[in-house]
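Report on the structure given below.
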Amino acid sequence: MRSIEVCFTPDLIRQHSLKEKTVVVVDIFRATSCIVTGLAHGVKAIKPIAEIEETLLHGPKGYVMAGERGGVVVEGFDIGNSPFEYQQDYLASRKVAISTTNGSQAVLKSQGASEILVGAFLNLEALAMYLVESKRDILIHCAGWKGTPNLEDSLFAGALIDEVAESLTISGDSALIAHQLFISAHENLLATALKSSHAERLKNFGTEQDLVFCMEESKYAIVPKLIEGELVIPT
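Numbering (my numbering), first residue to last: 1 to 235.
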């Protein structure tokens with residue numbers, strides 16, 4: 001039987017083999033939730049970029065520049081890191097270049113995998129169905145916070161494991177921890193996630209509506225995939 005494992009932070013990704021695996025990158029608050037929302041609302045493609053300076057070079061190329069550092073929109077960018085910003089009509093059929101504190105870095109550090117997908121509570125059911133039908137072992141790569149694990153990404157990892165547990169073998173203690181965390185918190189998932197340190201930081205910027213939205217389950221039936229350096233909905 002195929003396996004599913006969890007990496008709690010990009011600083012630990014070197015301990016995992018990526019070869020011939022499907023990696024699911026998750027940054028619930030808020031990058032992967034924004035990516036899923038944007039693509040579901042008509043954004044053509046989203047290009048993850050590590051550095052601010054490189055992102056700014058994509059503006060003249062026609063990209064919408066998006067992202068944050070420390071939860072605050074970067075000066076010179078067009079939009080920040082709110083899923084509501086990604087629902088604006090003018091973004092339909094546009095390409096977005098995104099650089100965030102944690103999420104875009106996790107996507108880039110997943111290179112070397114056979115397949116890189118983006119996960120969020122917003123596309124949980126569609127993602128789980130895709131993974132069940134896949135033929136590869138799965139690695140959930142949590143973006144965490146500046147190299148440390150966080151609660152909301154770990155909760156999502158556990159939720160995804162719970163969705164696919166009948167079809168995949170749980171591999172490693174990190175996956176077991178995530179799954180047990182979800183089981184213990186699933187009846188109060190939103191309340192638990194809002195206790196996270198990242199949520200507390202973001203609340204200081206008046207983003208609580210973002211956090212509530214990011215915890216909505218299976219709102220969009222899409223599975224974003226990295227193809228030639230850009231996240232798209234495969235056709």
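Backbone N, C-alpha and C fix where the C-beta goes; we use that ideal spot for every residue, glycine too.
query                                                                                                                                           : result
By the three-class DSSP mapping on this structure, what secondary structure does leucine 66 have?                                               : The displayed chain sequence assigns alanine, not leucine, to residue 66. Alanine 66 falls in the strand class under three-state DSSP.
Note down, one range per segment and in chain order, each beta strand (DSSP E) of at least 3 residues found wholly within the region 44–117.    : 45–48, 64–69 and 95–99
Comparing alpha-carbon positions, which option in Glu20, Val25, Pro48 and Glu85 lies nearest aspartate 210?                                     : Glu85
Looking at phenylalanine 29: is its Cβ nearer than 7 Å to the Cβ of histidine 141?                                                              : no
What does a CB cutoff of less than 6 Å around isoleucine 98 pick up in its chain, not counting 5 residues either side in sequence?              : Ile46, Pro48, Ala66, Gly67 and Ser104
Spatial neighbours of glutamate 5 within its chain, please: C-beta separation below 6 Å, excluding the five flanking residues on both sides.    : Leu139, Ser171, Gly172 and Ala175
Should the region 73–81 be regarded as contacting the region 115–124, the criterion being three or more beta carbon pairs within less than 8 Å? : no
Quick one: Cα of aspartate 11 to Cα of leucine 131, how far?                                                                                    : 25 Å
Residue range of the beta strand (DSSP E) that leucine 139 falls in?                                                                            : 137–142
Excluding the 5 residues flanking glutamate 115 on each side, which residues of the same chain have their C-beta closer than 6 Å to its C-beta? : Thr22
So, using beta-carbon positions, are valine 64 and phenylalanine 156 closer together than 7 Å?                                                  : no
Rounded to the nearest angstrom, what separates threonine 101 and glutamine 87 at their Cα positions?                                           : 21 Å
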